Amino acid sequence: MIAKVGQLALKFRATAMLGAIALSLGTIACNRPAQPVEEALVANPDEWPSWGRTGSEAHYSPLDEIDTGNVANLKLAWHFDLDPGYSASTPLMAEGKVFLTSGHSHIRALDAQSGKLLWEYDGGTRERATSALHLTWGNKGIAYDGGHVFLVTTDGWVVSLDAKTGEEAWKTYDFPDNSPRNANGAPRVFGGKVITGFGGADISPARGFVSAYDAKTGKLAWRFYTTPGDPVTEANEKAEAVMRRTWPSGWTNPDGSRRGGGATAWNAFSYDPELRMVYLGLGNGFPYNQHKRSPGGGDNLFIASIVALDVDSGEYKWHYQVCPGEQWDCTATTDMTLATLEIGGKERRVLMQAPKNGFFYVLDRQTGRFISAEKIAKVTWADHIDRKTGRPVENPGVRYNGKPGLFELWPGPSGAHSWMPQAYSPLTGLVYIPVLENGALIGDGQKGGGEIMAGMGVTLLPEVELPGSHRSYLKAWNPVTQTEAWRADLPGNWPGGVMASAGGLVFQGQIDGRFVARDAKSGKELWSFKTESPIVGAPITYRFRGRQYVTVITGNGGNGAGINSPGLAAFRTDYRLPRRVLTFALGGKDVIPAYDMPTLAPPADPDFTPDLARAQAGAVLFGTRSCLVCHGWNAVGGGAAPDLRYSPTITDAATFRAIVKEGGLKMNGMPPFPALTDQELETMRFYLRARAKAAPAEQQALLERAKAAKASNAKPRDFAGRWNITIQSPVGPQKAVMDLRVAGNIVTGKVVAEQGSVNVAGAVKDGRARFQGKASMPMPITVSYDVTVRDGRLTGENANGPFGTFPVTGER
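With positions in the sequence shown counted from 1, the corresponding number in the numbering used here is that position plus 434.
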């Protein structure tokens, strides 16, 4: 009996052991990464020393103390207040310090545990700046390597700082001539080289290049030019032969001056330490219009291309072009994530990118061979990417040269994905992409207006009221199947950068000031923290003295502060809202002081007399002289600079002149514009005064839009007939007559005003009528209406291309 019991006990123990082993194996299987984990991706797990943490540019951390099960307990551990100025940047962490840049190359080192300021360094850009381009957006990031912090000032100085003291170790100038340039992307340190590029191809045909400096000495190691020309450096000999044959009519004018250029590398670099390859993400061409840049056509390499180089010599290895012969501001300057994916039963070392053009690409990173590409957003410029050639199958309408009218371009110039970082987790095998949905209108350059920047050769309206526009999402994308795993709707149309962790989390800031953590597998929101300011820069995570932290910097900036600002108008993105470094940990004890959001009110301006023609002339000046880049489309501020509709300076001619023309606020980051004539200055000021007058009505329009979003019981027949409407325009109420016909749910008709008439067409859906038409003021614009009928009264809004969106009311 005892023996039998013993046998049973042994049998039970063996069964239990087998069960435990089975359970353990099952658990391992459940937690097995979806894709292979590269050593380079998870190296140095405690720190975040580079823009994307490692050269893989995955914005991924292997730390897992903070996970899906306990993230609800994440609390503020410390914070650090910043001055007003550009802060849409990604911090770093190394050797127990958090390093960051804000404003124009103002570097700070903070204690990683307490947030105490250890040292700071001012790059001196504002004192030295000689052009407005040097004082546009500040730096998006810096780099750390071997006990030094590296920065590139917006005016072109590459600097190495001692990470312990902030003292300069070396400093060198990167720009070889006086062509308009600025450097606002984060440098990288790959293979002992400081890799840096610059921007400026929206205003100049300057030849793009990338420089590599020895990280220890600051000596130039190599320079690689990204469009053809002279000089031909040793690093460029092989590439020059590849590029030149794609510019069949050359790149210079008869007088020898440069006609075409671009392909600047202002943001994205990646690195494979085994292959010793550095990857460049290159930008658009200038002029945008290819007929002006390269009358003979051609692909115009390396515009809108990914280029692989030998990190030691700068020698060309391979390239892939996302938009051959681009002419709509297509770029490949977004993050290039390196990973190993199992595709078709084989492990492939790949490069993944979601460039501006709306497709997600997977390439073999050793050879540059095309593997796959699919749309992640609405795309009208191309139907698909040919699987055999890797080239886009274009919509003929996007080749607008010599054609009348405007082409509806999706994505618009902001792109389906901009510079805000994507993230990749090998645990889920998903890429997390901040996706924009913004359409635009583009066409051949026209006399009388239409060019946002002189010399582009195009008529471009980047902000138009198109169905489905002004939206954004966080999309989780499966790069193997090229399908969407999940998406999260985001507020506004300027989504923040993303960070993923081994805790099964994805972190992202939002334009509404919320910092959010989601389940990486499902997208479910698990935690959030409300700040006073928008968040655009990507967060990081690190471990110090055994504790994991998450850090993010608040404050809006980048392209969304200018071109995209109408899509942000419903949110407070004020330039002077508190900008802070926020660091979180489980059980954190810090608190932020209470903040009373100031009420926005335009300055008193009793002497203002409306003048529609003068306001329109001022709008053109504001748009074509770069003002909108920082101060926002339609002068609707987006956070990079003050919202001038609420500034008292616009009511005083002398003060306005002292600031805008004479540089009175240069040390605050506002560049002078001495080329403006006094008449142009006053016309622009008049436009801003008109915009200030319109601001309350536009705010009311936003409230009406929110109300209108609620269900309406209006039927299509309710819209038919003749309406006397009033549009609350920037220069006062404008009367018009709207005559609508309805057949089924289709609406057609005409709107007649003192300035002219517009034929409109659209449809009724969910109790609302949305219709639009084309007008010329003097450039082609889209005039659209979004209205409903309640109690026999028509209400809604009217959008007039670049001139604003205004409340509209009507009676029969």
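Positions of the beta carbon are idealized from the N, C-alpha and C atoms, including for glycine.
Being a predicted model, the structure only gives us computed values, none of them experimental.
query	result
I need the straight-line Cα distance from Ser594 to Met1118, nearest angstrom please.	42 angstroms
Return the Cβ separation of Ala673 and Gly715 in integer angstroms, given the expectation that the two are a contact with Cβ distance under 8 angstroms.	16 angstroms between Cβ atoms; not a contact.
Answer yes or no: do Gly1083 and Thr1160 have a C-beta to C-beta separation smaller than 8 angstroms?	For the sequence presented, residue 1083 should be read as Thr rather than Gly. Result no, Cβ atoms of Thr1083 and Thr1160 do not sit closer than 8 angstroms.
Give, in chain order, every unbroken run of the beta strand (DSSP E) that is at least 3 residues long and sits entirely within the region 956-997.	959-964, 974-978, 981-987
In terms of residues, what are the limits of the alpha helix (DSSP H) holding Met677?	671-678
Out of curiosity, what's the CA-to-CA distance linking Asp579 and Ile541?	16 angstroms
How close, in whole Å, do the beta carbons of Pro968 and Ile945 come, if the pair is a contact with beta carbons under 8 angstroms?	5 angstroms
Whose CA, out of Ala543, Arg821, Gln800, Cys757, lies closest to the CA of Ala742?	Gln800
Looking only at C-alpha atoms, which of His582, Gly717, Pro1027 sits nearest to His513?	Pro1027
Consult DSSP for His818 and reduce its assignment to one of helix, strand or coil.	strand
If Thr572 sits next to Tyr520, beta carbons under 8 angstroms apart, how far is it from one beta carbon to the other, in whole angstroms?	First, the amino acid is wrong: residue 572 is Gly here, not Thr. About 3 angstroms; that satisfies the 8 angstroms criterion.
Just grab the DSSP bridge partners of Trp1157 for me.	Met1172
Across the region 788-795 and the region 922-941, are there enough close Cβ pairs to call them in contact, namely three or more that are closer than 8 angstroms?	no
Mind pulling the alpha helix (DSSP H) runs of 4 or more residues that sit fully within the region 514-601?	559-562
Am I right that Val898 and Thr1216 are in contact with their C-beta atoms under 8 angstroms? What's the rounded C-beta distance?	5 angstroms
Taking just the CA atoms, how far does Trp681 sit from Pro610?	24 angstroms
Terminal residues of the continuous alpha helix (DSSP H) containing His1065?	1061-1065
Decide if the region 517-531 is in contact with the region 969-979; the criterion is three or more beta carbon pairs, one per stretch, under 8 angstroms apart.	yes
For Arg466, count neighbouring Cβ atoms within 10 angstroms of its own Cβ and tell me buried if that reaches 16, exposed if not.	exposed
In this structure, does DSSP put Leu1137 in helix, strand or coil?	helix
Considering only the beta carbon of each residue, do Glu529 and Ala597 sit closer than 8 angstroms?	yes
Put Tyr647 into one of helix, strand or coil per three-state DSSP.	strand
My understanding is that Gly865 touches Met933, with C-beta atoms under 8 angstroms, so please give their C-beta distance in whole angstroms.	First, the residue type needs correcting, since residue 865 is Val and not Gly in the sequence shown. At roughly 13 angstroms, the Cβ-Cβ gap does not stay under 8 angstroms, so Val865 and Met933 are not in contact.
In angstroms, rounded to a whole number, what distance separates the CA positions of Asp733 and Val666?	20 angstroms
With hydrogens ignored, establish whether the beta-carbon of Met1172 is closer than 7 angstroms to any heavy atom of the ligand NAP.	This structure lacks the ligand NAP, and indeed carries no ligand of any kind.
Asp636 to Asn478, Cα distance in whole Å?	38 angstroms
Are Val505 and Ala951 close, meaning C-beta to C-beta below 8 angstroms?	yes
In whole angstroms, what is the alpha-carbon distance linking Leu1099 and Gly642?	31 angstroms
Helix, strand or coil, according to DSSP, for Asn616 in the structure here?	strand
Using the three-state DSSP reduction, which class does Met1118 fall into: helix, strand or coil?	helix
Just to confirm, are Gly625 and Arg710 a CB contact at a threshold of 8 angstroms?	yes
Which partner residues of Lys1208 appear in the DSSP bridge assignment?	Thr1216
With Val628 as the anchor, note down where its beta strand (DSSP E) starts and where it stops.	627-630
If you follow the beta strand (DSSP E) that Phe793 is part of, which residue opens it and which one closes it?	793-798
Give me the residue from Phe720, Arg1246, Arg679, Ser565 with the minimum Cα distance to Thr698.	Phe720
How would you call Ala1177, buried or exposed, if buried means at least 16 neighbouring beta carbons within 10 angstroms?	exposed
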